[in-house]
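Colleague: So the sequence shown is numbered by this note's numbering: it starts at -15 and just counts up by one.
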Amino acid sequence: MKKYKISAILGTILMGICSFLACISTNIALINIGNIGLLVSIGIMSYGFSNWQP
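Listed below in structure tokens is the structure:
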């Protein structure tokens, strides 16, 4: 149960960082990295919250 909780929290933190990166950046490469990070964080959060509900 602990690994699901950690992955849910990690996905939430990663989503915040990547959304900030995608919105603030002016370089197209950093914007794409932020967008890819958002997709990865959705996957991590889905994995965590599918087995652990706060």
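All C-beta atoms in this analysis are idealised placements derived from N, C-alpha and C, irrespective of residue type, glycine included.
#1: Return the CA-CA distance between residue 34 and residue 21, expressed in angstroms with no decimal places.
#2: For residue 27, which option in -14, -7, -15 has the closest C-alpha, if you only look at C-alpha atoms?
#3: Could you tell me how far apart the beta carbons of residue 5 and residue 18 are, in whole angstroms, since I believe they sit closer than 8 Å?
#4: What number of angstroms, rounded off, separates the C-alpha of residue -4 from the C-alpha of residue 9?
Modeller: Looking at the coordinates:
#1: 20 Å
#2: -7
#3: 4 Å
#4: 20 Å
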